[in-house]
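Chains as they are written, first to last, in full-length UniProt numbering: chain A, 1 to 599; chain B, 1 to 599.
Number of protein chains: 2
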Amino acid sequence: MIDYVPPLRDMRFILSELAGLDLIASLPGCEEAGEDVVAAILEEAGRFAAGVLAPINRQGDIEGCRLNADGRVETPSGWKAAYDQFRESGWIGLSAPVAFGGQGLPKLVSTPVWEMWFSTNMAFTMLPQLNVSQAEALQIAASEEQKQTWLHKIVSGEWGATMNITEPQAGSDLAATRTRAEPQTDGSYRLFGQKIYISYGEHELTPNIVHLVLARLQDAPKGVKGLSLFIVPKYLLDAEGQPGEKNDLRCISIEHKMGIHGSPTCTMSYGDRGGAVGWLVGKPNRGLESMFIMMNEARFGVGVQGLGLAERAYQYALSYARERVQGRNAVSGEAGSPIVHHSDVKRMLMAMRARILAMRALLYSAAGWFDIAHHHPDPVVAERHRRFVDVLMPVAKGWCTEVGNEVCDDALQVFGGMGFVEETGIAQLFRDARIITIYEGTTGIQANDLVGRKILRENGETLAELIKEIRATAVELQQDGRDAALPLIGNRLGDIADELDRALNWVLANGSESLGSVLGGAVPFLHLFGVVAGGWQLARVAQAAVGKLSAGEGDSGYLQSLIDIARFYMAYEGPQSVAYAAAMMNGGTEVDRFNVRML
Amino acid sequence: MIDYVPPLRDMRFILSELAGLDLIASLPGCEEAGEDVVAAILEEAGRFAAGVLAPINRQGDIEGCRLNADGRVETPSGWKAAYDQFRESGWIGLSAPVAFGGQGLPKLVSTPVWEMWFSTNMAFTMLPQLNVSQAEALQIAASEEQKQTWLHKIVSGEWGATMNITEPQAGSDLAATRTRAEPQTDGSYRLFGQKIYISYGEHELTPNIVHLVLARLQDAPKGVKGLSLFIVPKYLLDAEGQPGEKNDLRCISIEHKMGIHGSPTCTMSYGDRGGAVGWLVGKPNRGLESMFIMMNEARFGVGVQGLGLAERAYQYALSYARERVQGRNAVSGEAGSPIVHHSDVKRMLMAMRARILAMRALLYSAAGWFDIAHHHPDPVVAERHRRFVDVLMPVAKGWCTEVGNEVCDDALQVFGGMGFVEETGIAQLFRDARIITIYEGTTGIQANDLVGRKILRENGETLAELIKEIRATAVELQQDGRDAALPLIGNRLGDIADELDRALNWVLANGSESLGSVLGGAVPFLHLFGVVAGGWQLARVAQAAVGKLSAGEGDSGYLQSLIDIARFYMAYEGPQSVAYAAAMMNGGTEVDRFNVRML
Numbered sequence: 001m002i003d004y005v006p007p008l009r010d011m012r013f014i015l016s017e018l019a020g021l022d023l024i025a026s027l028p029g030c031e032e033a034g035e036d037v038v039a040a041i042l043e044e045a046g047r048f049a050a051g052v053l054a055p056i057n058r059q060g061d062i063e064g065c066r067l068n069a070d071g072r073v074e075t076p077s078g079w080k081a082a083y084d085q086f087r088e089s090g091w092i093g094l095s096a097p098v099a100f101g102g103q104g105l106p107k108l109v110s111t112p113v114w115e116m117w118f119s120t121n122m123a124f125t126m127l128p129q130l131n132v133s134q135a136e137a138l139q140i141a142a143s144e145e146q147k148q149t150w151l152h153k154i155v156s157g158e159w160g161a162t163m164n165i166t167e168p169q170a171g172s173d174l175a176a177t178r179t180r181a182e183p184q185t186d187g188s189y190r191l192f193g194q195k196i197y198i199s200y201g202e203h204e205l206t207p208n209i210v211h212l213v214l215a216r217l218q219d220a221p222k223g224v225k226g227l228s229l230f231i232v233p234k235y236l237l238d239a240e241g242q243p244g245e246k247n248d249l250r251c252i253s254i255e256h257k258m259g260i261h262g263s264p265t266c267t268m269s270y271g272d273r274g275g276a277v278g279w280l281v282g283k284p285n286r287g288l289e290s291m292f293i294m295m296n297e298a299r300f301g302v303g304v305q306g307l308g309l310a311e312r313a314y315q316y317a318l319s320y321a322r323e324r325v326q327g328r329n330a331v332s333g334e335a336g337s338p339i340v341h342h343s344d345v346k347r348m349l350m351a352m353r354a355r356i357l358a359m360r361a362l363l364y365s366a367a368g369w370f371d372i373a374h375h376h377p378d379p380v381v382a383e384r385h386r387r388f389v390d391v392l393m394p395v396a397k398g399w400c401t402e403v404g405n406e407v408c409d410d411a412l413q414v415f416g417g418m419g420f421v422e423e424t425g426i427a428q429l430f431r432d433a434r435i436i437t438i439y440e441g442t443t444g445i446q447a448n449d450l451v452g453r454k455i456l457r458e459n460g461e462t463l464a465e466l467i468k469e470i471r472a473t474a475v476e477l478q479q480d481g482r483d484a485a486l487p488l489i490g491n492r493l494g495d496i497a498d499e500l501d502r503a504l505n506w507v508l509a510n511g512s513e514s515l516g517s518v519l520g521g522a523v524p525f526l527h528l529f530g531v532v533a534g535g536w537q538l539a540r541v542a543q544a545a546v547g548k549l550s551a552g553e554g555d556s557g558y559l560q561s562l563i564d565i566a567r568f569y570m571a572y573e574g575p576q577s578v579a580y581a582a583a584m585m586n587g588g589t590e591v592d593r594f595n596v597r598m599l
Numbered sequence: 001m002i003d004y005v006p007p008l009r010d011m012r013f014i015l016s017e018l019a020g021l022d023l024i025a026s027l028p029g030c031e032e033a034g035e036d037v038v039a040a041i042l043e044e045a046g047r048f049a050a051g052v053l054a055p056i057n058r059q060g061d062i063e064g065c066r067l068n069a070d071g072r073v074e075t076p077s078g079w080k081a082a083y084d085q086f087r088e089s090g091w092i093g094l095s096a097p098v099a100f101g102g103q104g105l106p107k108l109v110s111t112p113v114w115e116m117w118f119s120t121n122m123a124f125t126m127l128p129q130l131n132v133s134q135a136e137a138l139q140i141a142a143s144e145e146q147k148q149t150w151l152h153k154i155v156s157g158e159w160g161a162t163m164n165i166t167e168p169q170a171g172s173d174l175a176a177t178r179t180r181a182e183p184q185t186d187g188s189y190r191l192f193g194q195k196i197y198i199s200y201g202e203h204e205l206t207p208n209i210v211h212l213v214l215a216r217l218q219d220a221p222k223g224v225k226g227l228s229l230f231i232v233p234k235y236l237l238d239a240e241g242q243p244g245e246k247n248d249l250r251c252i253s254i255e256h257k258m259g260i261h262g263s264p265t266c267t268m269s270y271g272d273r274g275g276a277v278g279w280l281v282g283k284p285n286r287g288l289e290s291m292f293i294m295m296n297e298a299r300f301g302v303g304v305q306g307l308g309l310a311e312r313a314y315q316y317a318l319s320y321a322r323e324r325v326q327g328r329n330a331v332s333g334e335a336g337s338p339i340v341h342h343s344d345v346k347r348m349l350m351a352m353r354a355r356i357l358a359m360r361a362l363l364y365s366a367a368g369w370f371d372i373a374h375h376h377p378d379p380v381v382a383e384r385h386r387r388f389v390d391v392l393m394p395v396a397k398g399w400c401t402e403v404g405n406e407v408c409d410d411a412l413q414v415f416g417g418m419g420f421v422e423e424t425g426i427a428q429l430f431r432d433a434r435i436i437t438i439y440e441g442t443t444g445i446q447a448n449d450l451v452g453r454k455i456l457r458e459n460g461e462t463l464a465e466l467i468k469e470i471r472a473t474a475v476e477l478q479q480d481g482r483d484a485a486l487p488l489i490g491n492r493l494g495d496i497a498d499e500l501d502r503a504l505n506w507v508l509a510n511g512s513e514s515l516g517s518v519l520g521g522a523v524p525f526l527h528l529f530g531v532v533a534g535g536w537q538l539a540r541v542a543q544a545a546v547g548k549l550s551a552g553e554g555d556s557g558y559l560q561s562l563i564d565i566a567r568f569y570m571a572y573e574g575p576q577s578v579a580y581a582a583a584m585m586n587g588g589t590e591v592d593r594f595n596v597r598m599l
């Protein structure tokens, strides 16, 4: 295994210089997030990721999970010890409210921490990630009594958590949900139905598992407006609130998947013997709203998975490229050259590095906006940032997962033949990553959400505001004489912002008359938005690096490399915006007019 | 399993209308390739692929191969019976010379046939593919006596064949080859060394295996000009020419790979017990030249793998998309819609279909050029087409394997969560495909070959000629009033040909002064060339389809769909040429100036 090195320098730079850690720490409720505390947390998390999670990742892939004849699911060896340590260290509640045992830290702080978990062991990390998502949902939707009963245990990680949404006939289409809930005289419900793709639906890492299950009441309206949310624990609680009688639910199979072998993906059956006991969370038929809270949380988290896997893959590739000696340098003619010096390998590594920095800057900035939206005392500022987060969410998920896959793909390529052999570990990252553009809403779903709910519904106002911000950054750089790189970057940023603007206007112009063209071009549009938003953030990275250089602060070699990487991104990735804009507008139109029967 | 349907209609259209089957069949030595014979061969091959190879593909993936304690390698169940049937049907010698038991058919005919093998079972097909490559090399480099001894058995498939090139320290860098050969008094040699990544290096599907091994004579010059080629059989031949005494070579391990599990990838050890007996093929120190013959043959074949896997993945995705009902059609609002009607799924399927057609048209056209180069009586015409094949080879390999992976990736995406689950089979295609951009020279190596040997060495003359051809097609379409689509396609083809021309001039202008920039942009340049060459061929598809429509021939719906797909490609894929050209020129320059230590 190639050691994981927590990318603390990049993290700290982006937190402080770009994402406004100072500002966040000044917001009411975020006072704990001082620079020293955050630095200590990141270091400790980095040690844990490198020392506990990374070493068991490959073994988890090899062993996978097993469903025994008695219905028990075995997770890989090492999982239990690591989970206990993870839980005891309090990592799960990092950003949960103090009232429920959490540490109440802002999302800006938890984001880099979770990035490190995903980098080192994605299959494992999906378990505590589910607790975080479920805690968010319960916090908002559950009754006070429910919170007291369940939320503490979920925040502490004493019990596991799951999201039960998908059914065989209801994948992206939740309207087709069939699982039903029957009210009982004692106020509880009995649930009947089957759920698929339930991550950590069954395991023995915790003494209980709290399932959040989407189901339909008998007299519920059709479609998604007739879905309700239920707490259905694996074990019912006894008088002391401890796990007692087994509930009527079980794991009936686990999937044989291409990756994330260490995470059991269960088919859960509810109510085979009279009904699984559950309790309604929130109002009847309003389950989807609460579920969306979890999903939005989870979608951002999956974007961070893209970043985390990409960072790890980059570290693998860079380490291999520095050690592997092969051929002579085609430029210098030197023999016995590590392949990192070969121009094409260097290109791939630079592309990885640039995209990782862009993703990190984008995701951390979005996390900062999220905190501002939740904590800023000025409601206008808070609302503005909530809208920014909303419009960016499909990109944070869709673009960062697509790019995460591309980076893993390039990293595998750097390994050559060794990349295809499982023992190096890069193949696992490549396989693991392939799920992230699918679950929590495919890239196509994200793109639909972007053009539909996030743009057309509000006539593109928030995105237009964001483009204004991007152009303001471009103008700042164009006028910044401190480093010749900045006007260059600024000009290119202005150009690609124009592409995004043009594309936005096309969406608005065609959204009602030619929706099929807009939807046919929605994914290219999402990519376009991602390329521009990533470029914007890298431009800000370069701007901040020049600022520090000018002030004589920091490591000048490192700061210069940030500027150079931003330049490279603008030259190498930026022009994709032209291709995506054309693919969206002209391509989308061709999609719409094509006769689908002729495929 | 989703049934494989041989894409005979597309194949026949491209063979006849684009790749000049008529012309090829008129060349001396190719007279067998009449339209009826070819149609019968394709149908028979399609039946074999669908009926024999496809059904064992998934089982081969699940079972994989095993190295037993006694050194025997077990291939998946079903392999032996399928191989015997394959061999007995004479498929291996399809394009081998009649003098050695082959059928002497042109490459234009064998290419679609092999496409079908790769579509249905790539891991299996690598075995007979090695026979074809080895037969090519022996035919050109071996002595008459060697041909009589070995070539018949390789062409018939009675014996297996391997290529032994790579060593642990010598991957892409053959100069580092260490395996050595010591001459014996009887004219034979004794070989000592270790070779890795030897596909089908050991198995029991044939009573003997003929290894072609690259090794170094003791007094050989350093580097690649000191490599010689040797025949080293698994069993030495007895007086009757039958496999007798075991040679001093063995498989010491097999790789655990991400894909192509049915193909054993062996580490071979030669000479542990006194030396493996071998015979020099061709002249001393000239082994690489013969090996290059095999490699060129194999590279084209790997390009066809990209096409074959893409076609199969497309069939999987299309079949799933037509059956899977999910949600309501966002455009029409209709509920219970098969996902093929969702705009984004339609987009992905169209992109797959367009790229597959482009690859097929390009590869078949190249196969036709290959036949013209080998058989045309006019040496000027032959030489011109040889140069076309040469300059196109890195694209046929590099671009078609990259695009093949993209298509498999899109196909998996269409399956959503089911794509990540192994049982559907699409995950296997995705995993299998990942090796093709690596073996027989990574995409980076192909791109270096393209800008170095194929362009800079001859001052770009052949590519300039090819661009002239592309522009001529563009002008023809621009002036063709029979269908409004043609001028549209022609204009866009002209635009992207300009991008390629501009990029070529940049390569020529910077090749000596700024080689690092050129090599840093070489892979984007390869992609650019691929996008344009593929677009050229699709433009020709549209042109031919309009021709048939105008003549009132053929199925008008099908022909119209070809025109529409070509339009879509130009609108959707074509603009990538702009991005690749910029990534190459501006990006390559940034690569060159970046300090590699700052990665």
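Note that beta-carbon positions come from the ideal geometry of N, C-alpha and C, so glycine has one too.
Values in this document were obtained by computation on a predicted structure and should not be read as measured data.
For residue i, three-class secondary structure by DSSP
i, result
"A/T267", "strand"
"B/A276", "strand"
"A/N164", "strand"
"A/R286", "strand"
"B/E63", "helix"
"B/Q194", "strand"
"B/V404", "One detail in the question is off: residue 404 of chain B reads as Gly in this sequence, not Val. Looking at B/G404 - three-state DSSP - the assignment turns out to be helix."
"B/R250", "strand"
"A/Y235", "strand"
Proximal residues of chain B, C-beta to C-beta of residue i below 7 angstroms
i, result
"A/T267", "The premise fails here: A/T267 is roughly 11 angstroms from chain B at the closest Cβ pair, so nothing lies under 7 angstroms."
"A/D173", "Q326 and G327"
"A/V596", "V340, H341 and K346"
Rounded Cβ spacing between residue i and residue j (contact assumed at less than 8 angstroms)
i, j, result
"A/L42", "A/M11", "6 angstroms"
"A/V340", "B/V596", "6 angstroms"
Cross-strand partners of residue i (DSSP beta bridge)
i, result
"A/C30", "For A/C30, which the question treats as bridged, DSSP gives no partner whatsoever."
Proximal chain B residues relative to residue i, where beta-carbon distance stays under 8 angstroms
i, result
"A/D564", "E590, R593, F594, N595 and M598"
9 angstroms Cβ cut-off: residues of chain B touching residue i
i, result
"A/V523", "D344, R347 and M348"
Contacts that residue i makes with chain A (C-beta to C-beta distance below 7 angstroms)
i, result
"B/G331", "The sequence shown places Val at residue 331 of chain B, not Gly. Ordered by position in chain A, the residues that pass the 7 angstroms Cβ test against B/V331 are L515, G516 and L519."
Check: Counting Cβ pairs, one atom from each stretch, are 3 or more of them under 8 angstroms apart for the stretch 304–314 of chain B and the stretch 168–182 of chain B?
Finding: Counting Cβ pairs under 8 angstroms, fewer than three are found: no touch.
Notebook entry, point to check: Does the stretch 486–505 of chain A come close enough to the stretch 535–549 of chain A that 3 or more CB-CB pairs lie under 8 angstroms?
Noted result: The stretch 535–549 of chain A vs the stretch 486–505 of chain A: in contact.
Check: Using 8 angstroms as the Cβ pair cut-off and three pairs as the minimum, do the stretch 347–362 of chain A and the stretch 86–102 of chain A touch?
Finding: Output reads no: the stretch 86–102 of chain A does not touch the stretch 347–362 of chain A.
Next item on the list: Would you check if there are 3 or more beta carbon pairs closer than 8 angstroms linking the stretch 204–224 of chain A to the stretch 72–83 of chain A?
Entry: With three or more CB-CB distances shorter than 8 angstroms, the stretch 204–224 of chain A counts as touching the stretch 72–83 of chain A.
Margin query: Is it the case that the stretch 500–507 of chain A contacts the stretch 455–468 of chain A, given that we only count it when at least three CB pairs across the two stretches are under 8 angstroms?
Written below: Contact holds: three or more Cβ-Cβ distances are below 8 angstroms.
Next item on the list: Specify whether the stretch 109–117 of chain A and the stretch 181–191 of chain A touch according to this definition: at least 3 beta carbon pairs, one from each stretch, less than 8 angstroms apart.
Entry: Flag = no, the stretch 109–117 of chain A and the stretch 181–191 of chain A do not touch.
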